[in-house]
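From first to last, the protein sequence lines stand for chains A, B and C.
Residue numbers are given in this note's numbering: position 39 of the first sequence equals residue 39, and the series is strictly consecutive.
In this note's numbering, each residue carries its 1-based index in the second sequence increased by 1000.
In this note's numbering, each residue carries its 1-based index in the third sequence increased by 2000.
Beta carbons are placed, not taken as given, at the ideal position from N, Cα and C, and that holds for glycine.
Note sheet for the following structure.
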Amino acid sequence: MPRFPFIPREQEFFGLFEQSAQNMVKAAQGLQKLVTTCANVPQNVAEITDLEHQGDLITHQIIAQLHRTFVTPFDREDIALLAQSLDDVTDFIHAAADAILIYKVECSTPRAQELADIIVQAAIEVERAMPQLRHRSELKQVLKQCVEINRLENMADRVFRAAMGELFDDDIDIASVIKWREIYEHMEAATDRCEDVANVLEGVALKHA
Amino acid sequence: MPRFPFIPREQEFFGLFEQSAQNMVKAAQGLQKLVTTCANVPQNVAEITDLEHQGDLITHQIIAQLHRTFVTPFDREDIALLAQSLDDVTDFIHAAADAILIYKVECSTPRAQELADIIVQAAIEVERAMPQLRHRSELKQVLKQCVEINRLENMADRVFRAAMGELFDDDIDIASVIKWREIYEHMEAATDRCEDVANVLEGVALKHA
Amino acid sequence: MPRFPFIPREQEFFGLFEQSAQNMVKAAQGLQKLVTTCANVPQNVAEITDLEHQGDLITHQIIAQLHRTFVTPFDREDIALLAQSLDDVTDFIHAAADAILIYKVECSTPRAQELADIIVQAAIEVERAMPQLRHRSELKQVLKQCVEINRLENMADRVFRAAMGELFDDDIDIASVIKWREIYEHMEAATDRCEDVANVLEGVALKHA
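Below, the structure written as structure tokens:
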């Protein structure tokens, strides 16, 4: 039996979501490397910026595809929301990295490393969930990843709040307080957006599984 | 005539919205107590944190219910938006209280008290609007509450702007400026979200009354 | 043949969008004047505040119209989103002007002038796109404006990032750092919202052209 010479549109959506998630994981790992090694900052940030552009292109493809497709594998709003929230994760990872570059922050803090570790873990859970969207029989399994992403987001929230409190305790200058607040906020926002992804996935699983 | 042994789904939505609004009012009153008494900060904030978790659970129930229900009392988007914006009010009330705890801000300011009073009033107007959703004949009455919520949001905006201007006038240290800016921003955001609730209610009333 | 004694509803939407865009351009030009002349700050900001209120009224009319209309010229969500994002541009222009007033910032910076110039250009592109919505045959032409708005948003982003980096380099006091960060953020957000407008327009063009 010959292979079909084309990929059905439904499959294209899944492929693009998987690409977007993989791209996000790479960006998360880039941020983790950045705050761990504190070396080659401009080059490491440039790599993350490239990944952010890649993410934009993939999102654009998903939305353009959505406008051209009549029958979609799940609700149009959920496809648009999933594409957008995946892209937002990558955007906030990039914003954190970019702030480290712009503000010429000397090196990373233990709290930044903790947050970067959590972002990588949450991104990997999102990446794992994606292939399960392809098969209705596996759809319920995304709920496991959703629970784990929620747990990681709560953990990031605690680290973020501790970091904010410590900022003013430590004997650092007020300019650094302002800079690090922004960096931490972007990192925490990245895990929040992972939770948005999880919420869309949960909705899809409840509706279709 | 026997009572029905079940609550129709439509009624469940209304019940959950009322619970969410009541929960939000309690959180607002907790914040008001916090910035008025300046006592037992950790315990008072813990109570608001509990209410924030309660709010999350109620919102989750509304969304899960939405996925299971075919015929909804009004547009699905409006139900989701109303649940979300009610939850956002409680979230910002909690964020303000939490920042007071994290930043170890000594005591409250007159502006914080003014803002907390407005938040309580706006929350009570939202709570009042909810039971009117149950009966199409009363639906138009929510418009009165919407006007009042808009008026309160404008008032909060003026207090917020005055507070921001004064922050730098006063002879306080720059670390406190940064901390209070964040607390005021969360408080102002809480009234903004009340206005979002009012906008959804207005739309529902215009469509269905 | 007599003229029709009424304007069809479809045309009313287009008229309101054009009004909203014109209003936004005036607000942008007001901000440009403000940061260029640094004179009559309270009066100039009062004019922008008036335009912001006008924008609110127009947006309110569009949404009320949407609730009363069964057949809309394009998707209801796109109409609501377009109205909202046009309004958001004006809101952020106003927020930047208002912060200049509240914070009593003495005069404008070269970066603020650059950003205001870009906002005016982006607003004019949005204004140009609006009449093309009226005729299906011209709809594809909005894509040109969308490309230009995206280019301007990227330019604003580069200026914003440079401004943020310089803030801490310059030998200015930390209170001014905080104030200007906020003003720049509002200005950058105004160009972001122009991009949101462009994204809605692009979607409409792809679906209907």
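Kindly list the residues whose CB is nearer than 6 angstroms to the CB of residue i, restricted to its own chain and excluding five residues on each side of it in sequence; keep chain order.
i: Ala2083/C; result: Thr2059 and Ile2062
i: Ala163/A; result: Arg111 and Tyr184
i: Glu148/A; result: Glu125
i: Ala189/A; result: Phe92
i: Glu52/A; result: Thr90 and His94
Measuring only between beta-carbons, confirm whether residue i sits less than 8 angstroms from chain E.
i: Ile178/A; result: Here the protein chains are A, B and C, and chain E is not one of them.
Please state if the CB of residue j and the CB of residue i are separated by a distance shorter than 8 angstroms.
i: Ser2108/C; j: Thr2036/C; result: yes
i: Arg2193/C; j: Val2089/C; result: yes
i: Gly165/A; j: Tyr1103/B; result: yes
i: Leu1205/B; j: Val1142/B; result: Looking at the sequence itself, residue 1205/B is Ala, so the reference to Leu does not match. A contact, by the Cβ cut-off of 8 angstroms.
i: Ala27/A; j: Ile93/A; result: yes
i: Leu2133/C; j: Val2045/C; result: no
i: Val1041/B; j: Leu1034/B; result: yes
i: Ile2178/C; j: Val1105/B; result: no
i: Glu1010/B; j: Pro1073/B; result: yes
Return the CA-CA distance between residue i and residue j, expressed in angstroms with no decimal places.
i: Leu139/A; j: Asp196/A; result: 18 angstroms
i: Glu1125/B; j: Leu1016/B; result: 17 angstroms
i: Ser2020/C; j: Gln2121/C; result: 16 angstroms
i: Asp1117/B; j: Asp1171/B; result: 26 angstroms
i: Glu1047/B; j: Arg1111/B; result: 23 angstroms
i: Pro2/A; j: Arg68/A; result: Only weak support is given to the placement of Pro2/A: the predicted model assigns it a pLDDT of 48, under 50, and the value that follows is read from those uncertain coordinates. Answer to the nearest angstrom: the Cα atoms are 27 angstroms apart.
i: Asp1098/B; j: Met2187/C; result: 29 angstroms
i: His135/A; j: Lys144/A; result: 16 angstroms
i: Leu2057/C; j: His2208/C; result: 28 angstroms
i: Thr49/A; j: Arg2181/C; result: 22 angstroms
i: Glu2077/C; j: Asp75/A; result: 15 angstroms
i: Ala96/A; j: Gln113/A; result: 12 angstroms
i: Gln43/A; j: Gln2029/C; result: 39 angstroms
i: Asp169/A; j: Asp1173/B; result: 14 angstroms
So residue i and residue j are in contact, right, with Cβ under 8 angstroms, and what is the actual spacing, rounded?
i: Glu2018/C; j: Met2130/C; result: 5 angstroms
i: Gln2065/C; j: Phe2014/C; result: Gln2065/C to Phe2014/C, Cβ: 11 angstroms. No contact.
i: Leu2115/C; j: Phe2070/C; result: Rounded, the Cβ-Cβ distance is 42 angstroms, inconsistent with contact.
If you drop the 5 nearest sequence neighbours on each side, which residues of the same chain put their C-beta closer than 7 angstroms to that of residue i?
i: Cys1038/B; result: Cys1107 and Ser1108
i: Cys212/A; result: What the structure shows of chain A is the stretch from 1 to 209, and residue 212/A is not part of that stretch, so it cannot be assessed.
i: Leu167/A; result: Val177, Trp180 and Arg181
i: Ser2137/C; result: none
Who are the near neighbours of residue i in its chain, counting only those whose CB is closer than 8 angstroms to its CB and skipping five residues on each side?
i: Gly55/A; result: Ser20, Asn23, Met24, Ala27, Leu86, Asp87, Thr90 and Asp91
i: Pro5/A; result: With a pLDDT of only 49 at Pro5/A, under 50, the local geometry of the prediction cannot be trusted, and the value read off the model is given with reservation. Contacts found: none.
i: Leu152/A; result: Ile118, Gln121, Ala122, Glu125, Thr191 and Cys194
i: Asn150/A; result: Glu195 and Ala198
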